[in-house]
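Enquirer: Heads up: the sequence shown is residues 2 to 184, going by the numbering used here.
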Amino acid sequence: MKNTRIGEKIAEYRRKNGLTLRDFAKQTNLSTALLSQLERNIGNPTLSILSTLAEAMGISVSELVEQKVENAEMILRKEQRKTIVMYQGQTMYDVLACDTCHANLELLLMTLEGKSWTSNGYTQHTQEEEVAYVLQGEVTIDLEGEVFVLGEEDTIRILPGRKHKLYNHTDTEVKVLFVKCRI
């Protein structure tokens, strides 16, 4: 479990509650040797041990194993972006959020060539809600058969499960910013 702060969290919990290693071992029914190793980030605890620790500390297992994210890891430089090319190269998505953000959030910049669709058929996200913001140009969105034209600085919210596709009805490329949030 690289970069996790399990050891720090155990030690901090003990300090705040005035517990010795032996006291915490009694509370959790875990050995002092194991707890000492975990505090020093040595060893690989099982899910059962993590669950026992989390319960004793009054937190969830996910809070216990939450990774420490350094400030520098939250920066994504332009040259570090990943690009996803789709639909015969007519649609490109630049991933604008760093890897540490991807737990619940995606930030994508779509570039759509003139006179092209985002896909042959509809796209549908059952576990995501999205917001699309037109940065440049004008785009047509087909939302479950209902058609809307969006201009620069227009925004549309696309609810989970709604079928949709975009069409660039102009001759110039369009740029649309997508924010996707997993639900």
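For every residue, glycine included, the Cβ atom is placed at its ideal position computed from N, Cα and C.
1) Grab me the residues of Tyr168's own chain with a C-beta within less than 6 Å of its C-beta, minus the 5 sequence neighbours each way, in chain order.
2) Determine the closest residue to Tyr88 out of Met111, Ile159 and Glu145, with distance taken between C-alpha atoms.
3) Express the C-alpha separation of Met75 and Ser52 in angstroms, rounding to a whole number.
4) Count the C-beta pairs between the region 33-40 and the region 7-16 that are closer than 8 Å, then say yes if the count reaches three, no if not.
5) Closest to Gly162 by C-alpha separation, out of Lys181, Gln128 and Thr173, would be which residue?
6) Out of curiosity, what's the CA-to-CA distance linking Thr29 and Glu67?
7) Please state if the CB of Thr171 and the CB of Gly90 are separated by a distance shorter than 8 Å.
Expert: Looking at the coordinates:
1) Trp118 and Thr141
2) The shortest C-alpha separation from Tyr88 is found at Met111.
3) 29 Å
4) Taking 8 Å as the limit for Cβ pairs, the verdict is that the region 7-16 does touch the region 33-40.
5) Gln128
6) Answer to the nearest angstrom: the Cα atoms are 20 Å apart.
7) no
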